[in-house]
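Everything below concerns the one structure shown next.
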Ligand SMILES: [Zn+2]
């Protein structure tokens, strides 16, 4: 089992807190419940990847994260976990956190409570079968919440709904340059949204994401930024 040293180091490095900042992502979104969108620790960044696992991209992301001692969080689609269970297992074995990104990646906005719960249950099941671990955080597809979602997540005993405050807008195939530019504003305390998968196709092209990571990971490290995954931060919150 390969462990990422950063996974162990971060608890000590980011000693300033680990308390979560909760807030609305957009005006009026308090209607949808409290949502994680930042980390209350200016020395730490949480990088998150959605829509995997993707066999053409995720292994290269994992290699890059290892090379720069970075721990991250992967919000996985249940169907993709069933297709590539070994890859989901490898994410966990390398010390990263896994979150629930639903079974089929629907918009949850107009789904019934039972449909939303079913999407979350089936994704949880796929992840537990593949990795032996239950995901703690969930992220709604497209970032679309529902007035029902927060209550459902809380009733299921999950940590909560995790959004982001910096998006690379990398979901379409594009050259790396605009992705690199959009990440220029990422700082400590931010939760950064990237995609290693593509919910529309099994093996989406994400060369622009890999190139942006190649560019930014060493620069963020040189700037003194440390990295946490969301499970780790939550553990610190409980400990404090
Ligand atoms: Zn997604």
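Residue numbers (my numbering): -19 to 220.
Don't be surprised by glycine CBs; every beta carbon is placed ideally from N, CA and C.
Taking the C-alpha atoms as reference points, what is the distance between residue i and residue j?
i, j, result
"residue 84", "residue 28", "19 Å"
"residue 132", "residue 56", "19 Å"
"residue 74", "residue 160", "25 Å"
"residue 116", "residue 189", "25 Å"
"residue 60", "residue 149", "21 Å"
"residue 206", "residue 212", "13 Å"
"residue 163", "residue 202", "15 Å"
"residue 96", "residue 120", "10 Å"
"residue 46", "residue 87", "33 Å"
"residue 19", "residue 99", "27 Å"
"residue 38", "residue 66", "11 Å"
"residue 146", "residue 172", "5 Å"
Could you give the DSSP three-state label for residue i: helix, strand or coil?
i, result
"residue 207", "strand"
"residue 189", "helix"
"residue 82", "coil"
"residue 178", "strand"
"residue 196", "helix"
"residue 111", "helix"
"residue 28", "strand"
"residue 150", "coil"
"residue 140", "strand"
"residue 77", "strand"
"residue 103", "helix"
"residue 61", "helix"
"residue 10", "Only weak support exists for where residue 10 lies, its pLDDT of 45 falling under 50; the coordinates are left without a value."
So residue i is in the alpha helix (DSSP H); what residue range does that whole segment cover?
i, result
"residue 89", "Careful: residue 89 lies outside any alpha helix (DSSP H) and carries neither H nor E."
"residue 53", "Per DSSP, residue 53 belongs to no alpha helix (DSSP H); it is in the beta strand (DSSP E), 53 to 56."
"residue 157", "156 to 162"
"residue 42", "38 to 47"
"residue 131", "129 to 135"
Measuring CB to CB, does residue i end up less than 9 Å from residue j?
i, j, result
"residue 174", "residue 30", "yes"
"residue 176", "residue 90", "no"
"residue 51", "residue 142", "no"
"residue 223", "residue 178", "Only positions -19 to 220 of the chain appear in this structure, which leaves residue 223 out of reach."
"residue 40", "residue 110", "no"
"residue 58", "residue 76", "no"
"residue 25", "residue 166", "yes"
"residue 72", "residue 112", "yes"
"residue 118", "residue 168", "no"
"residue 23", "residue 204", "yes"
Between which two residues does the beta strand (DSSP E) harbouring residue i extend?
i, result
"residue 68", "That residue, residue 68, is in no beta strand (DSSP E); its alpha helix (DSSP H) goes 65 to 73."
"residue 21", "No beta strand (DSSP E) contains residue 21, which DSSP labels as neither H nor E."
Is it buried or exposed, residue i, if we count other Cβ atoms within 10 angstroms and call 16 or more buried?
i, result
"residue 208", "buried"
"residue 182", "exposed"
"residue 107", "buried"
"residue 104", "buried"
"residue 70", "buried"
Compute every distance between the C-beta of residue i and the non-hydrogen atoms of ligand 3, then say whether any falls below 8 Å.
i, result
"residue 96", "For the structure depicted, ligand 3 is absent and the ligand set comprises only ligand 1."
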